[in-house]
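Enquirer: My questions will all concern the structure given below.
In UniProt numbering, the protein residues as written are 1 to 194.
Set out below in structure tokens:
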């Protein structure tokens, strides 16, 4: 079985560095199981949950061959499945902040979402949110996209159509909005600091 790797700002951290989750109930209301309070426990619980789901829906996938990581840097996505084409290794990286924000019940949907991507990589060598993904959304009680769990640092606002797009980092668009235009209508954009 693959070893659980923990991630942090430099993508590696030891189990001893795991910080407990503040103020959540100690047990899952549905299963009665203990809720993860460290990054290592979250990876272990995620792998156990994925194993149960895969046994029923994706028996051709060996969840034990998936590397599990947590990250405190992820701000835009609650999870990501990463595929190395050369080794055919799948790594599922989970956001610790999303887990803290969502709680286990909602976060388990993220795990099922990423498991679908792992299956897509196994079957097709690529993953997306198209038809092969959508066929599993309802049976696995998951979502195509996750809810925002952190506030953006900036909003890119179109002055013509008033569309608003979140930004979490000081990107080129944020630094020099005059060089860019709205992707929907071509209008000028401005930046709102949060």
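Yeah, the Cβ is synthetic: ideal placement off N, Cα and C, and Gly gets one too.
Assuming residue 176 and residue 158 make a contact with CB atoms under 8 Å, what is their CB distance in whole Å?
Expert: Incorrect: roughly 16 Å between the Cβ atoms, too far for contact.
Enquirer: Can you have a look at residue 194 and say buried or exposed, based on whether 16 or more other CB atoms are within 10 angstroms of its CB?
Expert: That one is exposed.
Enquirer: Count the C-beta pairs between the segment 107-121 and the segment 75-90 that are closer than 8 Å, then say yes if the count reaches three, no if not.
Expert: The segment 107-121, when compared against the segment 75-90, does touch it at the 8 Å Cβ threshold.
Enquirer: Could you tell me the alpha carbon to alpha carbon distance between residue 70 and residue 40, rounded to whole angstroms?
Expert: Roughly 8 Å separates the two Cα atoms.
Enquirer: Going by other Cβ atoms of all chains shown within 10 Å of its Cβ, with 16 needed for buried, is residue 47 buried or exposed?
Expert: Result: buried.
Enquirer: Taking its Cβ as the centre, do 16 or more other Cβ atoms sit within 10 Å of residue 62, making it buried, or is it exposed?
Expert: Result: exposed.
Enquirer: Using only alpha-carbon positions, find the residue among 156, 178, 162, 180 that is nearest to residue 169.
Expert: Closest by alpha carbon: 156.
Enquirer: Leaving out the 5 sequence neighbours to the left and right, which residues in its chain are closer than 7 Å to residue 192 when beta-carbon positions are compared?
Expert: Hits under 7 Å: 154, 155, 157.
Enquirer: Where does residue 34 sit, in a helix, a strand or coil, going by DSSP?
Expert: Here residue 34 sits in strand by DSSP.
Enquirer: One question on the structure: do residue 124 and residue 132 come within less than 8 Å of each other, judged by their Cβ atoms?
Expert: Going by C-beta atoms, residue 124 is nearer than 8 Å to residue 132.
Enquirer: Please go through the same chain and pick out, in chain order, the residues whose beta-carbon is closer than 8 Å to the beta-carbon of residue 23, but skip the five residues on each side of it.
Expert: Confidence at residue 23 is low in this model, with a pLDDT of 44, below 50, so its placement is unreliable and the value that follows should be read with caution. Excluding residues within five positions, none has a Cβ falling inside 8 Å.
Enquirer: Let me know the secondary structure DSSP gives residue 108 once reduced to three states.
Expert: The answer is helix: DSSP assigns residue 108 an H, G or I state.
Enquirer: Between which residues of its own chain and residue 57 is the CB-CB distance below 6 Å, once the five residues before and five after are set aside?
Expert: Excluding residues within five positions, none has a Cβ falling inside 6 Å.
Enquirer: Could you check if residue 109 is buried or exposed, using at least 16 other CB atoms within 10 Å of its CB as the buried criterion?
Expert: That one is buried.
Enquirer: Could you pull out every residue in the same chain whose Cβ sits closer than 6 Å to the Cβ of residue 142, ignoring the five residues on either side in sequence?
Expert: Only 109, 112, 113 meet the Cβ criterion.
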